[in-house]
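Here the protein sequences come in this chain order: A and B.
Taking the numbering used here, the leading residue of the first sequence gets 17, the next gets one more, and so forth.
Taking the numbering used here, the leading residue of the second sequence gets 17, the next gets one more, and so forth.
Worksheet: one structure, shown below.
Number of protein chains: 2
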Amino acid sequence: MPRQRVSNEDDIKAYRLLAKKLGLKMTPQRLQIFDALMSMKGHPSAEDVFEAVRPKVPSMSLDTVYRTLALLEHHGAISRVQHADDKARYDSETRRHCHLVCTRCRAIEDFYWPEIEELQAPDETAQWGKIERRYLELRGICRDCLAKDARQ
Amino acid sequence: MPRQRVSNEDDIKAYRLLAKKLGLKMTPQRLQIFDALMSMKGHPSAEDVFEAVRPKVPSMSLDTVYRTLALLEHHGAISRVQHADDKARYDSETRRHCHLVCTRCRAIEDFYWPEIEELQAPDETAQWGKIERRYLELRGICRDCLAKDARQ
DNA sequence: ATACATGCAAAGTTTTTGCAACTCG
DNA sequence: CGAGTTGCAAAAACTTTGCATGTAT
């Protein structure tokens, strides 16, 4: 996954906009972290982002990645996904969506299932407190892992 | 939460049965851990279980709790829940259910929503691999935390 | 200029592991 | 008796933090 990428000009522009809107400073580190997040489709971990960005900003340190991810998450620009005992992973998709999670290789894939948002929740849940969002995961074994099994 | 409890005879019997079925040994440590899990309603962490059991088995060590929880989870007798960067929590409810999760105090409550299992998933998900189960969470702020906010 | 960001190293948290002694069946 | 379990201590894995220095606005 840590293959060399070319910065996407659109990502840079998008970060410029975001930074202005939220009052964040523009540093080469943040720029590259943001760009990496947007172009890595597979819900990268902090380490993944670090490896992807390192060639671009050799001085980059892992804790800057952690701090930047926390900052972006805090501002709602990305979200954090945690599955079982795995490390935290980050998701740059801000639209409502669900996840397909492979319990074998831990791959996470997005999909959209609007009916989930529409379905009326059981009455008892209204008494619980203030519900802010729904989160749904389908767990199983992904195509690739199934293929690996078959080969053996 | 680590209040003194009396062992529940039914839990002891239930563990005896489970142990026989799965071929697990019966030790005072496991007995008490199992009993604590069954009687603590609020999805306890390893540490919570440890604190609950310590008065009963003073020699108990935290790693035995971790090993026993892993063992029970491996045999499907309990399940592990992880939320955000919180420590792992354990759930002794084996029927299909969903969770209400308070993002403030991290409380986890069970509820039942059978329609979730019946709803047909988008076609694309069938191509992904072999889906084994659905997991749904409603996230928000629980009654208690809302009340605390109002008081301040 | 100055408030904020960075890199480094060190600490923190939760969970896992190796090992010798012990215990259940 | 013998396989499996326990307690201890140490290690591992991931993430956070303090601090001096550097940088964006």
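Just so it is clear, CB atoms sit at the ideal spot from N, CA and C, and this is done for glycine as well.
The structure displayed is predicted, hence computed values, not measured ones.
{"Check": "Helix, strand or coil at Arg70/A according to DSSP, with G and I counted as helix", "Outcome": "coil"}
{"Check": "Any 3 or more C-beta pairs closer than 8 Å across the segment 91–105 of chain A and the segment 129–145 of chain A", "Outcome": "no"}
{"Check": "Chain-order list of residues whose beta-carbon lies under 6 Å from that of Glu125/A (same chain, five-residue window excluded)", "Outcome": "Leu116"}
{"Check": "Nearest-angstrom beta carbon gap, Gly145/B and Ile132/A [assumed within contact, 8 Å]", "Outcome": "That belief does not hold up - the Cβ atoms of Ile132/A and Gly145/B are roughly 20 Å apart, past 8 Å."}
{"Check": "Reference Phe50/A; option with closest CA among Pro71/A, Ser23/A, Lys36/A and Lys164/A", "Outcome": "Ser23/A"}
{"Check": "Residue-level contact to chain B via CB, Arg96/A, 8 Å cutoff", "Outcome": "yes"}
{"Check": "Arg19/B (DSSP reduced to helix, strand or coil)", "Outcome": "Here Arg19/B scores only 48 on pLDDT, less than 50, and its place in the model is too uncertain to base an answer on."}
{"Check": "Beta carbon of Asp102/B nearer than 8 Å to that of Arg122/B", "Outcome": "yes"}
{"Check": "Closer than 9 Å at the beta carbon, the chain A residues around Cys158/B", "Outcome": "Trp144, Gly145 and Lys146"}
{"Check": "Assigned secondary structure, Tyr31/B (DSSP; H/G/I helix, E/B strand, else coil)", "Outcome": "helix"}
{"Check": "Backbone secondary structure at Arg120/A - three-state DSSP", "Outcome": "coil"}
{"Check": "Length of the line joining the Cα atoms of Met54/A and Thr80/A", "Outcome": "17 Å"}
{"Check": "Residues bridged to Ile147/A (per DSSP)", "Outcome": "Gly156/B"}
{"Check": "Outcome for Tyr128/A when other beta-carbon atoms lying within 10 angstroms are tallied against a minimum of 16", "Outcome": "exposed"}
{"Check": "Exposure label - Arg19/B; buried when at least 16 CB within 10 Å", "Outcome": "Unreliable placement is indicated for Arg19/B, whose pLDDT of 48 sits below 50; the coordinate value is still reported in the next sentence. Label assigned to Arg19/B: exposed."}
{"Check": "Length of the line joining the Cα atoms of Ala30/A and Ser75/A", "Outcome": "24 Å"}
{"Check": "Beta carbon proximity, Pro18/A to chain B, threshold 8 Å", "Outcome": "At Pro18/A the pLDDT is 43, less than 50, meaning the model places this residue with poor confidence and gives no usable figure here."}
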